[in-house]
Amino acid sequence: MASAAYDLPVVEGTEPHRSAIDAFRIAIAQQITKTFPNVPIEKAYEGVDYSKKDSDFTVALPRFKMGGKPAELGAKFKQEFTPNEYIDSVEASGAFLTFKCNTKTLAQKILCQIDDLTNRNASGKPEYGHSDVGKGKKLILEYSSPNIAKEFHVGHLRSTIIGAFLSNLYKTCGWEVVSLNYLGDWGKQFGLIAVGYDKYGDEAEMERDPIKHLYNVYVKINKDLKEEKGEVEKKDFKAVAAAPADAAAAETKPEEEEEENEAAESGVDAAARAYFKRMESGDEASLVNWRKWRQHSIQAYEKQYETLNVHFDEYLGESMVSHEQQLKVVDQLEKMGLVSDAKGAKLIDLEKWKLGKAILLKKDGTTMYLTRDIIGAMERWEKYKFDKMIYVVASQQDLHVAQFFKVLDLMGLDWASRLEHINFGMVLGMSTRKGTAVFLNQIIKESADVMMEQMQKNEEKFAQIEDPEHVAKEIGLTAIKIQDMQAKRINNYTFNWGRMTSFEGDTGPYLQYAHVRLSSIERKNPELASSLPPLSSLDFGLLDEPKARDIIFHLGQYPDAVRTALKTREPSGIITYAMRLSHYISSAWDVLLVKGESDVDKAKARMWLFLLAREVLAASMRLLSLTPLERM
Ligand code: ARG
587 MASAAYDLPV VEGTEPHRSA IDAFRIAIAQ QITKTFPNVP IEKAYEGVDY
637 SKKDSDFTVA LPRFKMGGKP AELGAKFKQE FTPNEYIDSV EASGAFLTFK
687 CNTKTLAQKI LCQIDDLTNR NASGKPEYGH SDVGKGKKLI LEYSSPNIAK
737 EFHVGHLRST IIGAFLSNLY KTCGWEVVSL NYLGDWGKQF GLIAVGYDKY
787 GDEAEMERDP IKHLYNVYVK INKDLKEEKG EVEKKDFKAV AAAPADAAAA
837 ETKPEEEEEE NEAAESGVDA AARAYFKRME SGDEASLVNW RKWRQHSIQA
887 YEKQYETLNV HFDEYLGESM VSHEQQLKVV DQLEKMGLVS DAKGAKLIDL
937 EKWKLGKAIL LKKDGTTMYL TRDIIGAMER WEKYKFDKMI YVVASQQDLH
987 VAQFFKVLDL MGLDWASRLE HINFGMVLGM STRKGTAVFL NQIIKESADV
1037 MMEQMQKNEE KFAQIEDPEH VAKEIGLTAI KIQDMQAKRI NNYTFNWGRM
1087 TSFEGDTGPY LQYAHVRLSS IERKNPELAS SLPPLSSLDF GLLDEPKARD
1137 IIFHLGQYPD AVRTALKTRE PSGIITYAMR LSHYISSAWD VLLVKGESDV
1187 DKAKARMWLF LLAREVLAAS MRLLSLTPLE RM
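Heads up: the sequence shown begins at 587 in the working numbering, then just goes up one per residue.
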């Protein structure tokens, strides 16, 4: 049982009751402090790293700065080393030590811990990989945040996928997480859509498909606006939307500010400004349609989130940020000497911090995206008193986010240091397979179709799948999500149908397949499965093949992978972990036979190994917001 780990010394910051690997590192650290009493155990522990090859752990003695000749230090350690339950042997090459763990203890401690924290857990929920580091802390996590009356574009999709991962990650590490969706439901664009609606709106169309109709209205009025400004097709900033054929879908907030400089006196632009001004001053008549759009959009988005397996605690919106408060704070900033007048508009100068200049209030007194974010953050602080607040927003908005963080800081709000921007790069070239522009639901539908075609190729297996539509959709979503999270967040990536939906290589379908294969082992060996002994009574010496050891040692590293992800906030590390686990398992099938193994005890031990490997693979997949499948 895992409790044997507890005769080891307690080391601050470790959790051997949640991560058995910690116990092995502590066992090494303990021996280091025995030989070198001047090294504190915490320091010794920090010095224990995973080995690259041939051994399990490595310690570079020079990092402890004890003085003395490296070769003598290493030799002294090796001489005084005594093997124990955890560590079998040490090799010294100069002052570099490499350790090999006891294979049987590894198997016993790691597998029992997974079983305890998965199948025998007091909470009834699997908790292997969880930790308490965030206990008592509150995270406000804003992500997704699409704009109403427009399409949910792929920039929002990335924010949603990464945000859902972060939400799971922080919860796994003991944080309380409140997830917010901050809808883009305010600003001059809504004046523009209103003007467009007066011109092109059609009640019957609106009834039939509100989102599509609003989108069409928006596209038309935008075209009018562009013609008016004499720019036919401006394709600059638009990549955030992964280049839908129509650039209008790609519009993001910061453009609002650019436009301010070239404010027109009449025409569509002026009408849109006037309309928004009426909205912002609370004129009921101008808000009626807007309310309808908002409601329809939220309904449509909620459906999409359901499909994506994503849930929010609260829907906020730019429209909900107090208008009065915005005016007050601009006043305050003016008194602080940070704001100047630019042809009637209020401008904040952040040049000193290399953050440019930005408009806070337009000359007609209406507010800006930036102003709403400043006050929005203050309102959230009042409401939640968070330990941390994260904004998951595309890197195109790096400047915008840095600006409002800086303003809050300049206002002397000490909680401003608790804000964090988690950014990400662009998705390039997302289109349907035929190459036309797309909306998210089309992409989801298409990837499900591809998977359905694949599944139908094997008639026998296909017949056994209970709900093929559901399964096809889940594999399709897995394909999309894995492609999205596979590289470092900040990298752009090119949307690639062929690669994403392939069952070969490190893809989403490959990962689902690995889980399905592990899930089939009980179905294929019903007798063994029904006569498995309790894990604690297993002879762990039966799992001594190198292939079994590789799997076990990697299973033991899952809690570390989670902790590292919490530091980097990169989902890619978890994907690498899950892929590697799948590789170890797939290369073991032909060696660690279950069905063809004549030694029944050995077959049972291996079955246990595969069942627990499935639990860990499933845990890593759920962390990535995937739904592990049983059949496909
Ligand atoms: N709605 C914005 C857009 O689509 C994203 C909002 C990001 N969050 C924020 N607090 N500014 O570009």
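Backbone N, C-alpha and C define an ideal beta-carbon position, used for all residues, glycine too.
Query raised in the report: Hey, residue 902 and residue 766: beta-carbon distance below 8 Å or not?
Result: Locating residue 902 in the sequence shown gives position 316, where the first residue counts as 1. Locating residue 766 in the sequence shown gives position 180, where the first residue counts as 1. Yes, these two residues count as a Cβ contact at 8 Å.
**Report entry** Under the three-state DSSP convention, the category residue 814 falls into
**Finding:** Position 228 of the sequence shown holds residue 814. Reduced to three states, the DSSP call for residue 814 is helix.
Query raised in the report: Could you check where the alpha helix (DSSP H) with residue 746 kicks off and where it finishes?
Result: Within the sequence shown, residue 746 is the residue found at index 160, counting from 1. Per DSSP, the unbroken alpha helix (DSSP H) holding residue 746 starts and ends at 740-758.
Query raised in the report: Counting only runs that start and end within the region 647-689, where is the alpha helix (DSSP H) found for 4 or more residues in a row?
Result: 656-666
Query raised in the report: So residue 911 and residue 961 are in contact, right, with Cβ under 8 Å, and what is the actual spacing, rounded?
Result: Looking up residue 911 in the sequence shown gives position 325. Looking up residue 961 in the sequence shown gives position 375. Indeed they touch by this definition, with Cβ atoms about 5 Å apart.
Query raised in the report: What does a CB cutoff of less than 6 Å around residue 828 pick up in its chain, not counting 5 residues either side in sequence?
Result: Position 242 of the sequence shown, counted from the first residue, corresponds to residue 828. Confidence at residue 828 is low in this model, with a pLDDT of 34, below 50, so the placement of that residue should be treated as unreliable; the coordinate-derived value is given next. Cβ neighbours of residue 828 beyond the five flanking positions: 740, 1013, 1016.
Requested in this report: Would you kindly work out how many angstroms separate the C-alpha atoms of residue 947 and residue 975, rounded to a whole number?
Outcome: Here residue 947 corresponds to residue number 361 of the sequence shown, with the count starting at 1. Here residue 975 corresponds to residue number 389 of the sequence shown, with the count starting at 1. Rounded to the nearest angstrom, the two C-alpha atoms are 25 Å apart.
Query raised in the report: On the three-state DSSP scale, how would you describe residue 857?
Result: Indexing the sequence shown from 1 puts residue 857 at position 271. Three-state DSSP puts residue 857 in a helix.
Query - Rounded C-alpha distance that separates residue 843 from residue 998 - result: As a working mapping, residue 843 is identified with position 257 in the sequence shown. As a working mapping, residue 998 is identified with position 412 in the sequence shown. Its pLDDT being 46, under 50, residue 843 is placed unreliably in this model, and the coordinates cannot settle the point.
Requested in this report: State buried or exposed for residue 808, treating a residue as buried only when at least 16 other CB atoms are found within 10 Å of its CB.
Outcome: Taking the first residue of the sequence shown as position 1, residue 808 is located at position 222. Under this definition residue 808 is a buried residue.
**Report entry** Rounded C-alpha distance that separates residue 896 from residue 1144
**Finding:** On the sequence shown, position 310 is the one that residue 896 refers to. On the sequence shown, position 558 is the one that residue 1144 refers to. Computed Cα separation, rounded: 24 Å.
**Report entry** Three-state class that DSSP yields for residue 900 in the structure shown
**Finding:** On the sequence shown, residue 900 is found 314 positions in, with the first residue counted as 1. In the structure shown, residue 900 sits in a strand (DSSP, three-state: E or B).
Requested in this report: Measure the alpha-carbon distance for residue 687 versus residue 1064 and round it to whole angstroms.
Outcome: Translated into positions along the sequence shown, residue 687 becomes position 101. Translated into positions along the sequence shown, residue 1064 becomes position 478. If I take the Cα positions, the gap works out to 36 Å.
Requested in this report: Kindly list the residues whose CB is nearer than 8 Å to the CB of residue 611, restricted to its own chain and excluding five residues on each side of it in sequence; keep chain order.
Outcome: Within the sequence shown, numbered from 1, the residue matching residue 611 stands at position 25. Same-chain partners within the cutoff: 600, 631, 634, 643.
Query raised in the report: Which residues mark the beginning and the end of the beta strand (DSSP E) in which residue 935 is found?
Result: Reading the sequence shown from its first residue, position 349 is the one you call residue 935. Per DSSP, residue 935 belongs to the beta strand (DSSP E) from 931-935.
Query - Helix, strand or coil at residue 770 [DSSP, three-state] - result: For the purposes of this step, residue 770 is taken as the residue at position 184 of the sequence shown. Strand at residue 770.
Query raised in the report: What number of angstroms, rounded off, separates the C-alpha of residue 894 from the C-alpha of residue 1151?
Result: On the sequence shown, position 308 is the one that residue 894 refers to. On the sequence shown, position 565 is the one that residue 1151 refers to. So the two alpha carbons sit approximately 22 Å from each other.
Query raised in the report: Should the region 1206-1215 be called in touch with the region 749-767, which here means at least 3 C-beta pairs below 8 Å?
Result: yes
Report task. Put residue 805 into one of helix, strand or coil per three-state DSSP. Result -> The count along the sequence shown starts at 1 and reaches residue 805 at position 219. Residue 805: helix per DSSP, three-state reduction.
Query raised in the report: Along the chain, which unbroken stretches of the alpha helix (DSSP H) at least 4 residues long are found entirely within the region 951-1010?
Result: 955-970, 984-996
Query raised in the report: Are the CB atoms of residue 1190 and residue 1114 nearer to each other than 8 Å?
Result: Start at 1 with the first residue of the sequence shown, and residue 1190 comes out as number 604. Start at 1 with the first residue of the sequence shown, and residue 1114 comes out as number 528. Yes, they are a contact pair.
Query raised in the report: CA-CA distance, residue 886 and residue 785?
Result: As a working mapping, residue 886 is identified with position 300 in the sequence shown. As a working mapping, residue 785 is identified with position 199 in the sequence shown. Distance between the alpha carbons of residue 886 and residue 785: 24 Å.
Query raised in the report: On the three-state DSSP scale, how would you describe residue 643?
Result: Counting from 1 along the sequence shown, the entry for residue 643 is found at position 57. Here residue 643 sits in strand by DSSP.
Report task. Establish whether the CB of residue 1094 and some CB of chain D are separated by less than 8 Å. Result -> Annotation note: the requested chain D is absent from the structure, which comprises a single protein chain.
Query raised in the report: If you drop the 5 nearest sequence neighbours on each side, which residues of the same chain put their C-beta closer than 6 Å to that of residue 1133?
Result: Counting from one through the sequence shown, the residue named residue 1133 turns up at place 547. Counting only Cβ-Cβ distances below 6 Å, and skipping sequence neighbours, we find 1174, 1177, 1178.
Query raised in the report: Going by the C-beta, is residue 970 closer than 7 Å to any heavy atom of the ligand ARG?
Result: Along the sequence shown, one-based indexing puts residue 970 at 384. Result no, Cβ not under 7 Å from the ligand ARG.
Report task. Give the DSSP-derived three-state secondary structure of residue 838 in the structure shown. Result -> Along the sequence shown, one-based indexing puts residue 838 at 252. With a pLDDT of only 48 at residue 838, under 50, the local geometry of the prediction cannot be trusted, and the value read off the model is given with reservation. Looking at residue 838 - three-state DSSP - the assignment turns out to be coil, as it is neither helix nor strand.
**Report entry** Proximity test, residue 977 beta-carbon vs the ligand ZN heavy atom, cut-off 7 Å
**Finding:** As for the ligand ZN, it is missing from this structure, which binds only the ligand ARG.
Query raised in the report: Do residue 754 and the ligand ARG come close, with the Cβ less than 7 Å from some heavy atom?
Result: Counting from 1 along the sequence shown, the entry for residue 754 is found at position 168. No; taking the cut-off as 7 Å, the Cβ of residue 754 has no heavy atom of the ligand ARG nearer than that.
Query raised in the report: Out of curiosity, what's the CA-to-CA distance linking residue 1195 and residue 1045?
Result: The residue you call residue 1195 lines up with position 609 of the sequence shown. The residue you call residue 1045 lines up with position 459 of the sequence shown. Those two C-alpha atoms are separated by around 30 Å.
Query raised in the report: Would the region 766-780 and the region 859-870 be scored as touching if the rule is three or more Cβ pairs under 8 Å?
Result: yes
Query - Nearest-angstrom beta carbon gap, residue 1093 and residue 1068 [assumed within contact, 8 Å] - result: Residue 1068 sits at position 482 when you count from the first residue of the sequence shown. Residue 1093 sits at position 507 when you count from the first residue of the sequence shown. Right, their Cβ atoms sit about 6 Å apart.
Query raised in the report: Which residues does DSSP pair with residue 926 in a beta bridge?
Result: Position 340 of the sequence shown, counted from the first residue, corresponds to residue 926. Note: residue 926 sits in a beta bridge opposite 933.
Query - Distance cut-off 7 Å: residue 586 Cβ against heavy atoms of the ligand ARG - result: In the structure as shown, the chain starts at 587 and stops at 1218, and residue 586 therefore has no counterpart that could be examined.
Requested in this report: Return yes when the C-beta of residue 770 is under 7 Å from any heavy atom of the ligand ARG, and no when it is not.
Outcome: Residue 770 sits at position 184 when you count from the first residue of the sequence shown. At least one heavy atom of the ligand ARG is nearer than 7 Å to the Cβ of residue 770, so yes.
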